[in-house]
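Notes follow the structure.
This is the structure we're talking about:
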């Protein structure tokens, strides 16, 4: 009786996150494959590129938390990525703590910055929210540009050490080992994001995304939830930005410029919003592609990534991951229906 | 002390004093002074554009009045935010069905039940925490006749079922004052009668204010009827009083003609 009921209900669900979410086997299998690929990555591609993919994946996940789960398009996330890149670099250079601690410090700085920015931005919605976040990010950019004594101005921060703790001097410069040292930080960020979207808080965020007025009528303080999501997201962007700057050994204005905010939104939308996995796929695609094009001496990287973006957005409205998942869901459903009848 | 059971006029639970809302010079609600007695069912009727939904939006904080006051249990709540008003014990349903399309019916009700607990802020807990409200949620869905649709996404529900889910959400907040904006709009006869029975049932121990165009619904439910026209109170009284009120008859016939 109850199995019958469940089946009936299942068929009525629309193609979307709900069906995949009901299949723990598929989820665990995906997670296992994802972990294996992540761990094996520096064996197959140049380790700094692998690190870039991981950092950009977490950065894109932080954007997805807002765009895909809260319905907020931040066009100023470079502010948090970059602020953490600089702060992490300063801590690693001047305090001399192991780099994971420096990265945590950078993430905290990003979150502190996100409190006032979030507070002022969430009063706007839609394109206005995007514009306000962009404006704040530009302010951060100009401050970093002017504050030469701390940020190094146009030269940025050079020579950030990869300090992995005492008695590790020999591997300090080795990007292969650094990948494995930094990966736990990235995975911690991914875990926080996963936990958040699968928490009671995540449920409220989705409700706010789909119908903010309704959420308010149910007694949910929409602005407060948005600020919390914004600060959490900034913290994740900060973890990613900190890892990035240590991996490269420098922090530059490139980390704060608006095209960085644009790139991470592009990666997120390309992969498919509201999925977390999409951000990872998008980052792998864009970072690898940029690396390939750059090493082949091609100058018009923006044209290529831009064209791919336009094609994917036009052809697959739900991004790469969203489209693949919807396809898988409808295939599973078809198979199930044909087996039942 | 009056002691007979039928008569005691309980104090006003909700009052408005000369409540006015202007939109660029257009007075959608004009000097409305209402008094809703505790424990009664109060209907707001009037032609389209009479200001009923605007009044609801003012009462629930979705709009702030141009002038005037709103008192709930004698306390001035003018200018409070919708979420604050929800926590005071005023719940509303929406005229145009307003749900989270991808969320299942039972998840809706759980979300409403979790609202006063603060569980929603816990981003570090598993969403399975929401299941602590499952029994109560299923009970509420049963009350509105949605028990067998609990797992269905709201977007896939039939129209009448969506309206029923709206009602379940409002009830989940266990409000002292329940505001229902056209609870039977667009329903078939059978659903209308079921909704009337349901509102009757839930109005025990509660105060209900509702808007409806269906005079059968108004007549069956309302202890008091307030007729609005052009943002102003045209008449007030019991259903039978109002029905025979000359001004009301003129207003409606005038509209019809």
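Residue numbers (the numbering used here), protein chains in the order written: chain A, 1068 to 1408; chain B, 683 to 939. In this text, a Cβ means the ideal position worked out from N, Cα and C, and glycines have one as well. On a predicted model such as this, the values are computed, not experimentally measured, just so you know.
Against chain B, with Cβ distances strictly below 9 Å, would residue i count as a contact?
i	result
residue 1266 (chain A)	yes
residue 1212 (chain A)	no
residue 1131 (chain A)	no
residue 1230 (chain A)	no
residue 1286 (chain A)	yes
residue 1058 (chain A)	Since the displayed chain A opens at 1068 and closes at 1408, residue 1058 (chain A) lies outside it and no answer follows.
residue 1071 (chain A)	Summary for residue 1071 (chain A): the model assigns pLDDT 35, below 50, so the residue's position carries little reliability; its value from the coordinates is reported in the next sentence. It does not; no Cβ of chain B falls within 9 Å.
residue 1237 (chain A)	Unreliable placement is indicated for residue 1237 (chain A), whose pLDDT of 47 sits below 50; no coordinate value is reported for it.
residue 1292 (chain A)	yes
residue 1178 (chain A)	no
residue 1295 (chain A)	yes
Kindly list, in the order they appear in chain B, the residues whose Cβ is closer than 7 Å to that of residue i.
i	result
residue 1093 (chain A)	The premise fails here: residue 1093 (chain A) is roughly 18 Å from chain B at the closest Cβ pair, so nothing lies under 7 Å.
To which residues does DSSP link residue i through a beta bridge?
i	result
residue 769 (chain B)	Its beta-bridge partners do not exist; DSSP assigns none.
residue 724 (chain B)	B:891 and B:906
residue 751 (chain B)	B:699
residue 718 (chain B)	B:696
residue 1352 (chain A)	DSSP output for residue 1352 (chain A) lists no bridge partner at all.
residue 917 (chain B)	B:909
residue 704 (chain B)	B:709
residue 652 (chain B)	Given that chain B is displayed from residue 683 to residue 939, the structure contains no residue 652 (chain B) and the question cannot be resolved.
residue 786 (chain B)	B:835
residue 859 (chain B)	B:772 and B:889
Quick check on residue i - is its C-beta less than 9 Å from some C-beta in chain A?
i	result
residue 827 (chain B)	no
residue 761 (chain B)	no
residue 701 (chain B)	no
residue 846 (chain B)	no
residue 811 (chain B)	yes
residue 696 (chain B)	no
residue 942 (chain B)	This structure cannot speak to residue 942 (chain B), because chain B is shown only from 683 to 939.
residue 849 (chain B)	no
residue 808 (chain B)	yes
residue 822 (chain B)	no
residue 801 (chain B)	yes
residue 853 (chain B)	no
residue 856 (chain B)	no
residue 789 (chain B)	yes
Measure how close the beta-carbons of residue i and residue j come, nearest whole angstrom, since I'm counting them as under 8 Å.
i	j	result
residue 846 (chain B)	residue 827 (chain B)	6 Å
residue 711 (chain B)	residue 695 (chain B)	Rounded, the Cβ-Cβ distance is 20 Å, inconsistent with contact.
residue 842 (chain B)	residue 870 (chain B)	7 Å
residue 1153 (chain A)	residue 1224 (chain A)	6 Å
residue 1368 (chain A)	residue 1257 (chain A)	Actually they are not in contact, since the Cβ atoms of residue 1368 (chain A) and residue 1257 (chain A) sit about 26 Å apart, beyond 8 Å.
residue 782 (chain B)	residue 1278 (chain A)	5 Å
residue 1314 (chain A)	residue 1245 (chain A)	6 Å
residue 1387 (chain A)	residue 1345 (chain A)	7 Å
residue 1253 (chain A)	residue 1168 (chain A)	Contact doesn't hold; Cβ gap of about 16 Å is too wide.
Using the beta-carbon count (16 or more within 10 Å), is residue i buried or exposed?
i	result
residue 1364 (chain A)	exposed
residue 1398 (chain A)	exposed
residue 1405 (chain A)	exposed
residue 913 (chain B)	buried
residue 730 (chain B)	exposed
residue 863 (chain B)	buried
residue 1123 (chain A)	buried
residue 1142 (chain A)	buried
residue 1100 (chain A)	exposed
residue 874 (chain B)	buried
residue 1094 (chain A)	exposed
residue 1088 (chain A)	The pLDDT assigned to residue 1088 (chain A) is 49, lower than 50, so where the model puts this residue is not dependable; a value taken from the coordinates is nonetheless given after this. Label assigned to residue 1088 (chain A): exposed.
residue 1195 (chain A)	exposed
residue 1396 (chain A)	buried
residue 687 (chain B)	Since pLDDT at residue 687 (chain B) reaches only 36, below the 50 mark, its modelled position is unreliable, and the value read off the structure follows with that caveat. Looking at its Cβ environment, which holds fewer than 16 other Cβ atoms inside 10 Å, residue 687 (chain B) is exposed.
residue 1178 (chain A)	buried
In chain A, which residues lie less than 9 Å from residue i when you measure between Cβ atoms?
i	result
residue 785 (chain B)	1085, 1270, 1273, 1274 and 1277
residue 804 (chain B)	1266, 1267 and 1268
residue 860 (chain B)	Chain A residues near residue 860 (chain B): none, gap ~12 Å exceeds 9 Å.
residue 768 (chain B)	1283, 1284, 1285, 1286 and 1287
Against residue i, what residues of chain B qualify as contacts under a CB-to-CB distance less than 8 Å, listed in chain order?
i	result
residue 1299 (chain A)	805
residue 1384 (chain A)	Those within 8 Å of residue 1384 (chain A) in chain B number zero; the least Cβ separation is about 16 Å.
Anything in chain A within Cβ reach of residue i, meaning under 8 Å, just list it in chain order.
i	result
residue 798 (chain B)	1286
For residue i, which residues in chain B fall below 9 Å Cβ to Cβ?
i	result
residue 1400 (chain A)	What residue 1400 (chain A) touches in chain B: nothing, since even the nearest Cβ is about 14 Å away.
residue 1280 (chain A)	744, 764, 776 and 780
residue 1263 (chain A)	805 and 806
Can you list the residues of chain A that residue i reaches, using a CB-CB cut of under 7 Å?
i	result
residue 794 (chain B)	1285
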